[in-house]
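S.K.: Under the numbering used here, the first residue of the sequence shown carries the number 165, and numbering increases by one thereafter. Sharing a structure below in structure tokens format, with a few things to ask.
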Amino acid sequence: MFKSLPKSKLSRHVDRLNLLSSGPGSVKVSANVKSIELIFKQRTPKGHMGPRRFWRENLPRIQFHNPALPIQVVRVEPTTPEEAQKIPALLKTRSAKIKYLLNSDILTKFIKLTDATPAQEIIHSPN
Numbered sequence: 165m166f167k168s169l170p171k172s173k174l175s176r177h178v179d180r181l182n183l184l185s186s187g188p189g190s191v192k193v194s195a196n197v198k199s200i201e202l203i204f205k206q207r208t209p210k211g212h213m214g215p216r217r218f219w220r221e222n223l224p225r226i227q228f229h230n231p232a233l234p235i236q237v238v239r240v241e242p243t244t245p246e247e248a249q250k251i252p253a254l255l256k257t258r259s260a261k262i263k264y265l266l267n268s269d270i271l272t273k274f275i276k277l278t279d280a281t282p283a284q285e286i287i288h289s290p291n
């Protein structure tokens with residue numbers, strides 16, 4: 165998420181904050197959302213790559229704009245094939261099936277479920 169940042173320490177921090185404060189996932193959720201729980205497998209085959217990318221790319225921005233919102237991520241490692249089939253890959257605020265979806269599609273579903281609104285960009289890079 166923070167590739168090719170500038171060499172200067174101050175510029176690096178400003179650009180990192182700018183990446184967190186803007187872009188996909190920079191949303192303020194409505195007050196009726198109490199918490200978020202994301203459940204998916206540790207390994208990515210069979211539809212769990214989208215939830216992993218959502219966790220890595222979009223959840224940090226959501227957390228940045230909603231610091232009081234508790235977000236829990238559960239990564240499950242099944243021991244048998246039968247257990248692997250039972251892992252739901254759900255985003256639980258209300259429930260949404262996110263297996264086999266891209267992180268952008270998961271973000272769209274998240275925004276719909278939580279009635280989120282786009283957040284304003286906070287920091288501008290001094291370029």
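Ideal Cβ placement from N, Cα and C applies to all residues, glycine included.
I'd like the ranges of any beta strand (DSSP E) spanning at least 3 consecutive residues and lying wholly in the region 213-275.
M.R.: List check, beta strand (DSSP E) in window: 235-240, 254-256.
S.K.: Pro224 to Gln206, Cα distance in whole Å?
M.R.: The residue labelled residue 224 in the question sits at position 60 within the sequence shown. The residue labelled residue 206 in the question sits at position 42 within the sequence shown. Roughly 18 Å between the two C-alpha positions.
S.K.: Who does Thr281 pair with in a DSSP beta bridge?
M.R.: On the sequence shown, position 117 is the one that residue 281 refers to. For Thr281, which the question treats as bridged, DSSP gives the partners Lys192.
S.K.: Checking 9 Å against the spacing of the C-beta atoms, do Pro215 and Ile262 come in under that value?
M.R.: Within the sequence shown, numbered from 1, the residue matching residue 215 stands at position 51. Within the sequence shown, numbered from 1, the residue matching residue 262 stands at position 98. In this structure, Ile262 lies closer than 9 Å to Pro215 by Cβ.
S.K.: Taking the alpha-carbon of Glu241 as reference, which of Lys171, Asp279, His212, Lys198 has the nearest alpha-carbon?
M.R.: Taking the first residue of the sequence shown as position 1, residue 241 is located at position 77. Answer by Cα proximity: His212.
S.K.: When DSSP builds the beta bridges, which residues end up paired with Lys205?
M.R.: In the sequence shown, the residue the question calls residue 205 occupies position 41. DSSP lists Val240 as partners of Lys205.
S.K.: Buried or exposed: which applies to Ser190, given that a residue is buried once 16 or more other Cβ atoms fall within 10 Å of its Cβ?
M.R.: In the sequence shown, counting from the first residue as 1, residue 190 sits at position 26. It counts as buried.
S.K.: Can you list, in chain order, the residues of its chain whose CB lies under 6 Å from that of Gln236, leaving out five sequence neighbours each side?
M.R.: Counting from 1 along the sequence shown, the entry for residue 236 is found at position 72. Answer for Gln236: Glu201, listed in chain order.
S.K.: Does the distance from the CB of Asn222 to the CB of Asp279 come in under 9 Å?
M.R.: Walking along the sequence shown from the start, residue 222 turns up at place 58. Walking along the sequence shown from the start, residue 279 turns up at place 115. Against a cut-off of 9 Å, the Cβ pair of Asp279 and Asn222 comes out as no contact.
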